[in-house]
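Right, one structure below, let's go through it.
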Amino acid sequence: MKANPKCVSRLLLSGLLAGLLCTALPAAAAEWSWDPLKDAENVLPEGAPNEGKIIQARHQVREMKEDALASLYEIAPSARRAIEHSAGYAVFSTFGIKLFFAGGTTGKGMVVNRETGRQTFMKMVQVQGGLGFGVNKNRLVFVFTQEQALRNFIDQGWEFGGQANLSAMADGQGGMFTGAASVAPGVFLYQLTETGLSATLTVSGTKFFKDADLN
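Quick look at the structure:
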């Protein structure tokens, strides 16, 4: 039986087209594929934090905390014992951290629960005039001797009034809190400046609260 030349031509043409499609489709798929993880940053609203920035900001806050504690222990060695015997502590800085997110924040920090090791990232804002954190370089270290005071600070935040100028103690709690100011029952505060521990802590008009971006 003789093959029809027209049928043979059609079969050859169909095979050729099928082969071309098989090689073209993967290339087209590769060209038009969308990796949602790779392109996630491009679809976020402008100014929104992405995971990379969040991780970097957390790292910076943790580094700041370690640096601030090292400086505090060098200036006031008794502070180490105070923190080691505390329910927890918080460290804030108004410099040394590149702020990634828009807003009126003047500082960032974190709270550490010593019993559980849990870390809570916080923000610090100046809600009234008088603090001048935009100009001065300050680091604040809170020490909580009571668990309830620690929980209240994390869950409810903290706000100093307009006249919160506090004097550091020369010999508080048997010398353990020398250089700190007692700001509330079970709460002590150190203020580190460029020149050392501040004898007068000027924290008027400052508010501390959870950082929604970093937690």
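According to the working numbering, the stretch in the sequence shown is residues 2 to 216, in order.
In this text, a Cβ means the ideal position worked out from N, Cα and C, and glycines have one as well.
When you compare only the Cα positions, how much space is there between residue i and residue j?
| i | j | result |
| --- | --- | --- |
| M125 | M177 | 26 Å |
| V113 | I56 | 18 Å |
| S94 | K138 | 8 Å |
| V62 | A182 | 24 Å |
| I127 | E116 | First, the residue type needs correcting, since residue 127 is Gln and not Ile in the sequence shown. Rounded to whole angstroms, Q127 to E116 spans 30 Å at the Cα level. |
| V90 | K54 | As written in the sequence, residue 90 is Tyr, which differs from the Val given in the question. For Y90 and K54, the distance between alpha carbons rounds to 25 Å. |
| N153 | Q192 | 21 Å |
| L202 | F122 | 23 Å |
| S87 | E52 | 33 Å |
| L73 | T196 | 12 Å |
Could you tell me if residue i is buried or exposed, where buried requires 16 or more neighbouring beta carbons within 10 angstroms of its beta carbon?
| i | result |
| --- | --- |
| A77 | buried |
| G158 | exposed |
| D212 | buried |
| G118 | exposed |
| G108 | buried |
| A83 | buried |
Return the residue from the list the options that minimises the CA-CA distance to residue i.
| i | options | result |
| --- | --- | --- |
| T194 | R82, V204, L215 | V204 |
| G180 | A80, R63, K211 | A80 |
| F145 | S72, A71, E85, Y74 | E85 |
Spatial neighbours of residue i within its chain, please: CB distance less than 6 Å, with the 5 preceding and 5 following residues excluded, ordered by chain position.
| i | result |
| --- | --- |
| V92 | K66, A69, G110, V142 |
| A29 | Here A29 scores only 39 on pLDDT, less than 50, and its place in the model should not be relied on; the value that follows carries that caveat. Cβ neighbours of A29 beyond the five flanking positions: none. |
| Q120 | M111, V113 |
Whose C-beta lies closer than 7 Å to the C-beta of residue i among residues of the same chain, with five residues either side of it excluded?
| i | result |
| --- | --- |
| F161 | V204, S205, G206, T207 |
| G187 | F145, T146, Q147, A150 |
Between residue i and residue j, which are expected to be in contact by the criterion C-beta below 8 Å, what is the C-beta distance as a whole number of angstroms?
| i | j | result |
| --- | --- | --- |
| L198 | A58 | With 8 Å as the limit, L198 and A58 do not qualify as a contact, their Cβ atoms being about 27 Å apart. |
Leaving out five residues before and five after residue i in sequence, what residues of the same chain have Cβ atoms less than 8 Å from its Cβ?
| i | result |
| --- | --- |
| E64 | none |
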